[in-house]
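4 protein chains.
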Amino acid sequence: MHGAVYGATGYTGSELIGLLVRHPGVELRFAVSSSGAGRSLADVVPGAPDVPLVAADAVLTDGLDVAFLCLPHGAAAETALRLLDAGVRVIDLSADFRLPDADLYAAWYNRAHPSPAHLAGAVYGLTEHARGALPRASLVANPGCYPTSVLLPLVPLVRAGAVATGAVIVADSKSGISGAGRVPLLHTSFVEVAGNFKAYSVGRSHRHLPEMEVQLARLVGRSIAPPPLIFTPHLLPVPRGILSTLYVPLAPGFDLAAVRTALTDAYAAEPFVTVLPPGEQVQLAHVVRTNRCAISLEVCQPPDSAAMLIVTSAIDNLVKGAAGQAVQNMNAVFGLPETTGLLG
Amino acid sequence: MHGAVYGATGYTGSELIGLLVRHPGVELRFAVSSSGAGRSLADVVPGAPDVPLVAADAVLTDGLDVAFLCLPHGAAAETALRLLDAGVRVIDLSADFRLPDADLYAAWYNRAHPSPAHLAGAVYGLTEHARGALPRASLVANPGCYPTSVLLPLVPLVRAGAVATGAVIVADSKSGISGAGRVPLLHTSFVEVAGNFKAYSVGRSHRHLPEMEVQLARLVGRSIAPPPLIFTPHLLPVPRGILSTLYVPLAPGFDLAAVRTALTDAYAAEPFVTVLPPGEQVQLAHVVRTNRCAISLEVCQPPDSAAMLIVTSAIDNLVKGAAGQAVQNMNAVFGLPETTGLLG
Amino acid sequence: MHGAVYGATGYTGSELIGLLVRHPGVELRFAVSSSGAGRSLADVVPGAPDVPLVAADAVLTDGLDVAFLCLPHGAAAETALRLLDAGVRVIDLSADFRLPDADLYAAWYNRAHPSPAHLAGAVYGLTEHARGALPRASLVANPGCYPTSVLLPLVPLVRAGAVATGAVIVADSKSGISGAGRVPLLHTSFVEVAGNFKAYSVGRSHRHLPEMEVQLARLVGRSIAPPPLIFTPHLLPVPRGILSTLYVPLAPGFDLAAVRTALTDAYAAEPFVTVLPPGEQVQLAHVVRTNRCAISLEVCQPPDSAAMLIVTSAIDNLVKGAAGQAVQNMNAVFGLPETTGLLG
Amino acid sequence: MHGAVYGATGYTGSELIGLLVRHPGVELRFAVSSSGAGRSLADVVPGAPDVPLVAADAVLTDGLDVAFLCLPHGAAAETALRLLDAGVRVIDLSADFRLPDADLYAAWYNRAHPSPAHLAGAVYGLTEHARGALPRASLVANPGCYPTSVLLPLVPLVRAGAVATGAVIVADSKSGISGAGRVPLLHTSFVEVAGNFKAYSVGRSHRHLPEMEVQLARLVGRSIAPPPLIFTPHLLPVPRGILSTLYVPLAPGFDLAAVRTALTDAYAAEPFVTVLPPGEQVQLAHVVRTNRCAISLEVCQPPDSAAMLIVTSAIDNLVKGAAGQAVQNMNAVFGLPETTGLLG
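Protein chains in written order, with this note's numbering: chain Y, 9 to 352; chain Z, 9 to 352; chain R, 9 to 352; chain V, 9 to 352.
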């Protein structure tokens, strides 16, 4: 199988190339970089594979089976259209096809969607919940990093009816700095980040919020009213990893055993989702540099209130939250074992 | 004024000694350390002042006005009794006098309280809310680090009636590693912590939870039913600092302006509490190595639900969360300006 | 091939097990841990493979082809003897067989060597320079982490006669904290290490000094007088990686081109040793989590003095400096391609 | 005394302002920032003092006693000329007046010096060695951070004749990231720096090399031929601090006791220079956030070679290496006790 990566020199692109060059079923045909064209990826990203970088306009689609887009939103959609027209399958790691509604996209991304016609056909690639649609899909919208960490635990819980009616779910998420991208910015420079910590886009203002709400609703189906979310991302002084702490008011009758069952039933056969034993808390060390999502569950009972489920969910934002899940999706699209080329 | 520190070589003790040797109104008479006796503090804690360390049994209370206890719980209470008997004022940085109820103490600390008779008279030294009781107090229970970060924003909010009836408040807190103490442990060693992140004592199991609930109830008074808390501490890979993210369902009629007013009214004249301007988020960099508490406020409105206030509150766990607040309390006890010897 | 690891739960042991479980030519039969027996490695080392840990006394040598020893010195030699007697090949990651002379061992390790008779037969496993002796070797002394970073560049330079007669070579080395082991110690705890940096065992007092000098002499042969070393290790606030900066006074006639040739000739065909292009400096990011050694070369000319070659050499202390080189040695011993199971 | 800071929002400028607002003898009249004009320093640099920033063209020199320049080289000299013309004393933290020779400046800074006439009169403010010239000096060239860490130990050693004739001194220096400035760059961004380490400007190519050599020669006087230096700076993954490891071949007759005497004699009365007791190694924790320079000494004897002195010297690059030494110089210029406003 022949693949290509557009946007090779960002953190997601170089991580993805690292996975693809070791993937036994893929031959990387080219890696596109507007800034690094003519150089080797290894020269631009220390420790990355020695892959030549080409300019976008030099690209041929001939013989290409799949292309991965690690481009800014907007640019990704435009490139996707060209590739789809040429019959190349596209796995888009940008946000361009994650919201199935062009109005919602316009409201959150401050621009008209460049190809609304493709929104309905894009498969939202939360792999464990996209099995039916992925094989032979033309266009996969790879989920955002925060949504991956939040939806993997929430989907089975909401489906099981574990969430109290009318409840709001709080998602307090903490992300490593690579999530902010590789372009140098003051607030991601070492001296500003080391020893520091802060929240940003608090409440309902981060672009991953509508993605989480709309995909949660879609994934659990019409019969269940999905709970609204409150989402507070924080900048964690680590290079990679996301840990989301979710506060889920439980429906009557649900206790720790019941919610464990809901999750372990959903993920018993999944190679990349692990529900930790009772009493063990996930940590980033469980998941960094793997395609794993690790989930812990605790329930507590405040006086005179509904029981509260506290979920902690950890992923590597660059792997399961981006490049790894993209490879997992590619495996699913092309009928390879999903674990091919991935560290579980 | 003559002072002494018991438990000099831990992070709190050495931080406190650093403050006291620069405090214009205090002469540090001795610093007690069971492990470092006979050496200089500077030799045990690199960068700390050059203060000789003495063994506990060599200590005289003659001429001592105030003693600070940076001892483990249990040991602190026993030392406090000896000092109080000798007429020395005690500022206890342990947990021994923070819970006003001996049964509650026994339930959470797995031991009978060594001196229940002193519990009622101890002043809970959340300085900004203890002004009436601190002058000439004999025994000050210096608040825990997490409770300081949580109670400073919550007390005015609950007093103002801003919290929805029946609501549960979620406190998602993140603490630097010095909060775990200076005794070497695997989970606080560099290789385990760097790049890592995790929650611990999730829900309602951390000893600071009853401290927060019982002191919140006491501080807001009997006429208001205090909300229960859910508290999740996390280990943050930074040496010092706590940032607590609080999720507070608002009572009808309360919006961002109203909660800002409640807090800015409460703290307008306070040198150490700052409510940041709208739209600005606190970060640890605002407060580390100062006695400051910085607070940010955001309100969001999930569909079909009560408005949610999201408070972020940052302190230095070793300063406002421990040694700095202890000095602030000493200043209040002895009638000095509260800012004496402290960085605001 | 059937293998076992003794001392599974330290940083070296768990890194090695991570490599072995993914190695296509090895079946890990058991992993010995005195402290973790009865548990899974994954429970002791977050992110490590799910391998059951057994107690040392439960161990059988039947059917074992190779054993890796990640034990303290002394204990390693004793275990090695038992295994060698049973016909098991041993790759010892301790220091017990690195010094070919029992008196030298006794002088530096403050104990009599437990099996001086085996010293002569042990192969010093600096793989690139041990090719002749490794195939079918019974006992491999895996090099120390610092010596690996220093000897790989020095051996070809000394062999080529590039070092000025009578010169002393300065090796200023900086190591990540995992080099100090996993046992919790104050000076490797997070709060002490973060933001800190220091030298230790300055000059000629670190145990890796005699290893470097004696193996350098042995590797370059009798006809060349090897230069003495001055070695200053430093504790670098990173989890893993060593960067050694070497100052090598050049013999007359040697310039940058000549020393480049000496090194590129030596390592042209080596998959794990890379000499960077002129003007590029190695960094830990080039090598962490790989079995690579990256080397940069600069020459400068102080007034009225010999030209000085400045070599910077980077490895991952846990991979090429320990577990990875051990696997590379195993591959060489058993005739597998040396890169099997390793990341280059 | 009335002071001003030009270039307020860089790391050096904001550190300096933090010192000046707490200095009892200075009133900060204004702080100039081209990028932050109209805002408060606290809004630009979290945790910095709440000082209004003004644009350069709004500046008056009336009533100003002293101005500190934290500007890029070139711009600093031009501003200095205007201030000197108005009778304002200038402490320049740039490199513009550190090299006493306009040709040397032109060679290393790739531009003609804007005011060669002032070079001879500028006082090189390595305070401990500039006491004679500082009182009432008009223009102080504040030393570079690396040169401060290297010259403080070297000057007394060279003066004492401790350095072997014809020897080259190696200075292997490691600097925290704030030394690279506050402008966001890829190689100082968090993800690139965390866990990483590298050398740069190896050998004799860093601009601080000529500063060290020329000032060393000037400070030790004509009768002693100063040794040439080899200087390798490294980027250390900490926010602040420099540790320089110096390798000094000793003249015959010099041993550890003799070199200790040379240094302790030189610095016995100095409040900011500490020679650590034998066997103790300096670490950054000894000096960060202080104006201190801490020095350790070890001597080793390689076989058949001169004895080698290994000096480790630690400073905070932003304090003793920049802003703190600038305040110390100001104190000396105006006849205040040198420790005023500084942490020793």
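Glycine included, each C-beta is placed from N, C-alpha and C at the ideal position.
Per DSSP, Z:Glu219 is not a residue of any beta strand (DSSP E); the alpha helix (DSSP H) it occupies stretches across 216-228. DSSP lists V:Ala12 as the bridge partner or partners of V:Phe38. Taking V:Met338 as the centre and dropping the five residues before and after it, the same chain places the C-beta of Val74, Ile99 closer than 7 Å to its C-beta, in chain order.
Along the length of the region 300-347 of chain V, whole alpha helix (DSSP H) runs at least 4 residues long occupy 332-341, reported in chain order. Proximity of Z:Ser22 to chain R, defined by a Cβ-Cβ separation below 8 Å, is not satisfied. Closer than 8 Å to the CB of R:Ser186 there is at least one CB belonging to chain Z.
The alpha helix (DSSP H) runs of length 4 or more contained entirely in the region 143-213 of chain Z are, from start to end of the chain, 153-167, 198-201. Look at the region 91-125 of chain Y and you find these whole runs of alpha helix (DSSP H), each 4 residues long or longer: 110-117. About 5 Å separates the Cβ atoms of V:Ala202 and Y:Pro247, confirming a contact at the 8 Å cut-off. Residue range 19-30 is occupied by the alpha helix (DSSP H) that includes V:Thr20, with no beta strand (DSSP E) assigned at that position.
Judged by pairs of C-beta atoms under 8 Å, the region 261-270 of chain Y does not touch the region 30-38 of chain R, as fewer than three such pairs exist. As the crow flies, the alpha-carbon of Y:Thr272 is around 37 Å from that of R:Ile185. In the structure shown, Y:Ala75 falls within a strand segment according to DSSP collapsed to helix, strand and coil. Separation of R:Phe198 and V:Val228 (C-alpha to C-alpha, rounded to the nearest whole angstrom) is 42 Å. Listed along chain Z are Ser197, Phe198, each with a C-beta nearer than 7 Å to that of R:Thr196. As a beta-bridge residue in DSSP terms, R:Gln291 pairs with V:Lys206. In the DSSP annotation of this structure, the continuous segment of the alpha helix (DSSP H) that includes R:Val267 starts and ends at 264-275.
By the Cβ-count criterion, V:Asn299 is buried, with 16 or more other Cβ atoms from all chains shown falling within 10 Å of its own Cβ. Using a Cβ-Cβ cut-off of 8 Å, R:Leu350 does not count as an interface residue toward chain Z, since no Cβ of chain Z sits closer than that to its own. Taking each of V:Ile238, V:Ala168, V:Ala175 in turn and checking the Cα distance to V:Ser181, the smallest one comes out for V:Ile238. Per DSSP, Z:Val52 is one residue of the alpha helix (DSSP H) stretching across 49-52. The beta carbon of Y:Ala270 lies closer than 7 Å to those of Pro164, Leu165, Ala168, Ala170 in the same chain, with the five residues before and after it left out.
Scanning chain Z for C-beta atoms nearer than 9 Å to the C-beta of Y:Val246 yields Ala202, Gly203, Asn204, Phe205, Pro245, reported in chain order.
The DSSP-derived three-state label of Y:His81 is coil. Between the alpha carbons of V:His214 and R:Thr240 lies a distance of about 23 Å. In the three-state scheme derived from DSSP, where H, G and I count as helix and E and B as strand, Y:Thr282 is classed as strand.
Residues Thr253, Leu254, Tyr255, Val256, Leu305, Glu306, Val307, Cys308 of the same chain have their beta carbon placed closer than 8 Å to that of V:Ile318, with the five preceding and five following residues left out of the count.
With the criterion set as a beta carbon lying under 7 Å from some beta carbon of chain V, the members of the region 314-343 of chain R are Met316, Ile318, Thr320, in sequence order.
Assignment of Y:Leu68 by DSSP, reduced to helix, strand and coil, places it in the coil class. Judged by DSSP in its simplified three-state form, Y:Thr253 adopts strand.
Looking at the backbone, the Cα of Z:Lys328 and that of V:Arg90 are separated by about 45 Å. DSSP places Y:Leu244 in the uninterrupted beta strand (DSSP E) bounded by 237-244. If you check the CB distance, Z:Ser146 and Z:Gly129 come in under 8 Å.
Contact between the region 112-119 of chain R and the region 132-143 of chain R is absent, with fewer than three C-beta pairs closer than 8 Å. Taking the CA atoms as reference points, V:Ala233 sits about 19 Å from V:Ala314.
Non-local beta-carbon contacts of Y:Ala225 in its own chain, meaning distances under 7 Å to residues more than five positions away in sequence, involve Pro234 in chain order.
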